[in-house]
Amino acid sequence: TASCTWQGKTFVITAGPTREAIDPVRYISNHSSGKMGYALAQAAANAGAKVVLVSGPTQLATPKGVQRIDVETAEQMLTAVQQQLTDCDVFIGCAAVSDYRVEDIAEHKIKKEQNSEPPKLSLVQNPDILKTVAQSANAPFTVGFAAETQNLKENALSKLQRKQLQMIIANDVSEPHQGFNSDQNSALILSKDSEQSLPTMSKHDMAVAIIDAIAKRYFDTSNRS
Ligand code: PMT
């Protein structure tokens with residue numbers, strides 16, 4: 188992508204895992220490292236966009252020229268994203284957001300009690316950030332990810348439709364050496380009437396390819412819907 192392609196446009200990108208507290212020392216999370224989302228933020232910034240990266244906890248350095256907002260929980264991520272929506276042309280949901288959180292976070296560390304039943308965690312559903320963005324007034328061009336372990340295309344297409352997205356990036360996270368926490372990935376880029384297969388490549392190269400694919404649709408107004 189030429190370095191001026193996205194001049195004057197703003198991307199909001201989520202990355203990394205969320206953490207849902209169980210008690211003051213324990214949480215529910217997942218294996219997302221943030222690498223894919225950070226690579227997207229860097230690629231969009233390199234292509235001239237203003238980029239806001241809303242990030243769960245990661246070990247990564249902030250990409251050059253990118254504004255980063257750190258959050259922990261899904262609810263905090265939603266709030267941070269909503270605060271950025273007044274100035275957002277493209278939203279990419281790359282974060283691995285916990286679908287559930289613990290209903291009542293214990294105030295003190297849960298103790299191991301002798302001779303009693305193990306504690307049971309009661310979960311409640313988290314808000315769907317991607318769906319909330321896609322269905323907001325003046326919604327940006329909204330791109331989701333689908334992390335699947337089976338029926339990759341079918342499940343991703345159903346997310347595309349259900350969440351009313353312009354595009355979805357489907358990655359098979361059951362394959363070794365790609366997806367969560369690896370430096371490589373392969374994916375299918377799906378929109379309602381197009382499909383592009385990205386073979387195994389570095390997350391950096393994939394990010395450039397994804398930002399290019401978004402540009403093709405975003406700037407071709409006949410394709411906008
Ligand atoms: O971070 P890495 O280690 O580099 O790994 C990259 C990745 C595998 C995490 C990434 O490529 C990826 O697939 N991200 C999406 C992970 C995910 O949670 O997928 P999902 O199929 O469960 O969710 C579908 C979409 O809805 C995603 O865009 C997700 O951000 C969004 N979502 C999900 C739940 C929720 N409560 N709110 C959301 O916005």
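Mapping of the sequence shown onto the UniProt record's numbering: position 58 corresponds to residue 245, and the numbering continues sequentially without gaps. Every residue, glycine too, gets a C-beta built ideally from N, C-alpha and C. If you're wondering where the values come from, they're calculated on a predicted model, not measured in any experiment.
Give every residue of the same chain whose Cβ lies closer than 6 Å to the Cβ of residue i, excluding the five residues on either side of it in the sequence, and list them in chain order.
i: P204; result: S216, N217, S219, G243, A283
i: S361; result: T336
i: V320; result: F278, T329
i: Y405; result: F328
Quick one: what does DSSP say residue i is sitting in, helix, strand or coil?
i: A248; result: coil
i: V212; result: coil
i: E382; result: strand
i: V268; result: helix
i: I292; result: coil
i: L377; result: strand
i: A400; result: helix
Under 8 Å Cβ to Cβ from residue i, same chain only, skipping five residues before and after it: list those, please.
i: A400; result: M354, I376, Q383
Return the CA-CA distance between residue i and residue j, expressed in angstroms with no decimal places.
i: C191; j: I279; result: 20 Å
i: K340; j: Q194; result: 33 Å
i: S389; j: Q301; result: 49 Å
i: T387; j: P314; result: 32 Å
i: S373; j: H295; result: 43 Å
i: R255; j: V241; result: 6 Å
Answer with buried or exposed for residue i, where buried requires no fewer than 16 other C-beta atoms within 10 angstroms of its C-beta.
i: N358; result: buried
i: L265; result: buried
i: R206; result: buried
i: K298; result: exposed
i: R288; result: buried
Within its chain, find whatever has a CB closer than 7 Å to the CB of residue i; leave out the 5 residues flanking it on each side and keep chain order.
i: D274; result: T197
i: Q351; result: A321, Q322
i: Y214; result: R206, E207, A208
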